[in-house]
Amino acid sequence: MKNISRRQFLTYVGAVGGSSALLKTSLAMGLVNEDPYSGPVKVTPATGKKKPTVLILGSGIAGLSTAFELEKAGYECTILEASFRAGGRNLTVRNGDKIDEMGNPQICQFDKQENLFFNCGPARIPGHHRRLLHYCKALNVPLQVKANSSKMAYFQDDQFLGGKPKRIIEYHTDARGLMSELLWKSADSSTFDQMLGKEDVEKLMSFSKAFGDLTENGKYIGSERAGSTTDRMLEFPTPHAPLELKAMLDSRFWYGGLLGAELYDWCEPLMEPLGGMDAVVKGFLRNLKKQPTLNAQVKKIYNRDNGVEVTYEKGGKFHTVQADYCFNNIPAYFMAGIENNFTTKYQTALNSIKRGHLFKIAYQMKERFWEKDGIYGGISYSADPISQIWYPSHDINAQKGVLLGAYTWDPKISAMFEALSPAERLKVGAISGEKIHPGYSKNIENGISIPWGRMNHQMGCGMRMSEEDFEKYFHFLQKPEGRHFMIGDQISHHSGWQEGALASSEQALQQLNKLLSASVDQGSKIHVS
Amino acid sequence: MLVKSVLLFGLLLTISKPLSAQETATPQGLEYCTVCHGSQLKGNSNIGAPRLTQLSPWYVNRQLKNFRDGIRGNHPEDKTGGEMMVMVSQLSEQEIENIVEWIASTESSKPTPSITANPHDGEKLFQTCAACHGADAHGNKALGAPNLNGLNDWYILTQLNHFRSGIRGSEEDDTYGQQMKAASAVITSDQDAADLAAYITQLK
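Residue numbers (our numbering), protein chains in the order written: chain A, 1 to 529; chain B, 1001 to 1204.
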């Protein structure tokens, strides 16, 4: 392409072939990112009279999706699930449901109503979680938009404004105004003269004025973008008095909740299945030929020459089963307690995955008092241990609602909550909620708490590896040992998200395809049953 | 050929095995124990749950009661102890008896070394311990000293350090724990503690 720039070339192609030609060429030249997701892995179909067999240990999202894809390819899958229910950490509770916390089993006391449920595990789906969204569509799981942020919600910190809650829109507007004022001042005092020409410095000053709603001479004196102290319909708006720069800097909001809606996984709009996140689990179960075997706790896993042998206990009886392949969705830190013949390196790698300690509280509120306060969905942020309060964005204007009253993944805070009794946890949450919404406590009818680090058969959520272990073991664990494949969000960069679980399953099935093609190429029967 | 080889190993076999001596069924309601303590209570260091097989039954009985009654595990820094307290807080005498019996009936493989230390240096320190626990660490019921054989080295180390720092053995009602706390004064460094744990673990 001599004497012609790539851009010019593309303009020519576009003119000749229309925009579709332009897109294809752009892809070829690497100018536009091709969507990396083109649907689930197509597992090499089983051939022959006898179906190849697969044992799937654990019916979390990774286990379910692996079974779903393998069944499509003609494999016979058996899912062994230790718990009394399928779904793993995709757990939605309603009236009468058991929350199987170790030593503190709770029964959910929400009223028996369709709209009163709580997503104890995953609760939101961003638009770029393509794998999960694919399955929602394929499994007929209807979705609705979930408001993950509300500018009408609050930020509250005992050490900020004397503990008075601040509307997020007021904080945002003031933070932007104050930062813009600093930018305006810097531009005005020739800080950028080396970097920018005179004209561009003027543009920068105009930008800061527009961005922060500054006065003509670059001052921030509050903004009607954050509402008014008067009735805006009948009177001229009067902005709230702006925050002091020092107070803003001293508050703990700017390094926490301020960026809540700015992160990629939380970028608006997010989605949720109608009626609860477990609709995803139900979707998989509806479409599986063989339902998971529940209350089946795995005791032994042995790689054999031609497959994998697993012993599980169910109702006081041991069963030993064999299959051609095994996909293991059990939390890796449990594997040291399960007899196995893994290599030392593989077991050491499994041990490097550590428990995470997410914690949530939910309250049934007798009235949706937050809606009277202009909050419809979204999150208030607290500097107290509860960290967050989530308002439901479904069933607006209903009489009652289930509110998330605490959500933390700080191991120290979670440890504090874990050590409390369920009743004490609810009290702690109520005291903090009261600071944001006076009268909060008297609206509480009942509540539940979910310390994932103490939940039976999970004992953790948001697994983590040290940076060093990650370097050493992550890619190693992505590969099978013998015919044993580890799956689950633990084998992803995105622990604590269903998308991570699905990605791990996809990756493992790619490894299976590799194994199958290798043995077909070599005519070996070792790897193809 | 692919087709033939599929026939070779395509069956999902379910064999209902008779229970061998190595496999004790988990009593109903006690499945919770195996979630942390593992298959046949072999222990799981990732959870901080020790191997229970081989522990002296009378010692298990005492410890379960201690956990239940808040005599052990109540220290704010004893995280796993606190977790155990919650698990056993509602147990009756009979239930404790049943658990003790079950633990005694389990058989699991002995743990492999997991800490790097010098057992030879630990040998000297052990002379003090041997007075109660015996030269081979098999324990002495009359003195309230449990068998230490078959325990995980990381668990022995954790407990030694808990005794040293008073996380364990500070409760007024924990008579034997207090004795151990006093005895642990013989250990003067973290290295000592590790060496001692390594020595105890390799005793037969």
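Think of the CB as a built atom: it goes at the ideal place given N, C-alpha and C, for glycine as much as any other residue. Treat the numbers as computed from the prediction; the structure is a model and nothing was measured.
- Annotation: residue 346(A) has no Cβ neighbours in chain B at a cutoff of 7 Å; minimum Cβ distance is about 14 Å.
- Residue range 53–57 is occupied by the beta strand (DSSP E) that includes residue 56(A).
- In the structure shown, residue 404(A) falls within a strand segment according to DSSP collapsed to helix, strand and coil.
- Rounded to the nearest whole angstrom, the C-alpha separation of residue 243(A) and residue 1167(B) is 47 Å.
- If you draw a 10 Å sphere on the C-beta of residue 1149(B), you find 16 or more other C-beta atoms in it, and that means buried.
- In the structure shown, residue 1053(B) adopts coil according to DSSP, grouped into three states.
- In this structure, residue 117(A) lies near residue 276(A), with their beta-carbon atoms less than 8 Å apart.
- With a threshold of 8 Å between beta carbons, residue 338(A) makes contact with chain B.
- For residue 297(A), the nearest beta carbon of chain B is closer than 8 Å to its own beta carbon.
- For chain B, the residues of the segment 403–436 of chain A that bring a beta carbon within less than 9 Å of one of its beta carbons are 415, 418, 419 and 421, in chain order.
- Excluding its 5 nearest sequence neighbours in each direction, residue 129(A) has C-beta neighbours in its own chain below 6 Å: 499, listed in chain order.
- At a C-beta separation below 7 Å, residue 1031(B) has these neighbours in chain A: 297.
- Collapsing the DSSP output to three states places residue 480(A) in coil.
- By the beta-carbon neighbour count (other beta carbons within 10 angstroms, threshold 16), residue 144(A) is exposed.
- Contact note: residue 485(A) does not reach chain B at a C-beta cutoff of 7 Å; the least C-beta distance is about 17 Å.
- No Cβ of chain B is located within less than 8 Å of the beta carbon of residue 462(A).
- Interface with chain A (8 Å Cβ-Cβ cutoff): residue 1107(B) is excluded.
- Assignment of residue 36(A) by DSSP, reduced to helix, strand and coil, places it in the coil class.
- Around the CB of residue 205(A), 16 or more other CB atoms lie within 10 Å, so the residue is classed as buried.
- Not a single CB atom of chain A sits nearer than 8 Å to the CB of residue 1167(B).
- In this chain, the beta strand (DSSP E) harbouring residue 271(A) covers 270–273.
- Looking at the DSSP output, residue 253(A) bridges to nothing.
- Contact of residue 1110(B) with chain A is not assigned, every C-beta pair being separated by 8 Å or more.
- In the DSSP assignment, residue 385(A) falls outside any beta strand (DSSP E) and carries neither an H nor an E.
- For residue 1025(B), the neighbours in chain A by C-beta distance under 8 Å run, in chain order, 313, 316, 317 and 318.
- The Cβ atoms of residue 1122(B) and residue 1198(B) lie closer than 8 Å to each other.
- If you look at residue 142(A), you'll find it isn't in any alpha helix (DSSP H); DSSP assigns it neither H nor E.
- Residue range 168–188 is occupied by the alpha helix (DSSP H) that includes residue 180(A).
- Secondary structure at residue 411(A): helix, using DSSP grouped into helix, strand and coil.
- Counted as a single uninterrupted DSSP element, the beta strand (DSSP E) harbouring residue 297(A) occupies residues 297–304.
- The C-alpha of residue 191(A) is placed about 59 Å away from the C-alpha of residue 1194(B).
- In this structure the segment 355–365 of chain A lies against the segment 423–430 of chain A, because at least three pairs of beta carbons, one per stretch, are closer than 8 Å.
- Close CB contacts of residue 1143(B) within its chain, under the 6 Å cut and outside five residues either way in sequence, are with 1132 (chain order).
- For the segment 95–110 of chain A, the beta-carbon criterion of a distance under 8 Å to any beta-carbon of chain B is satisfied by 102, 103 and 104.
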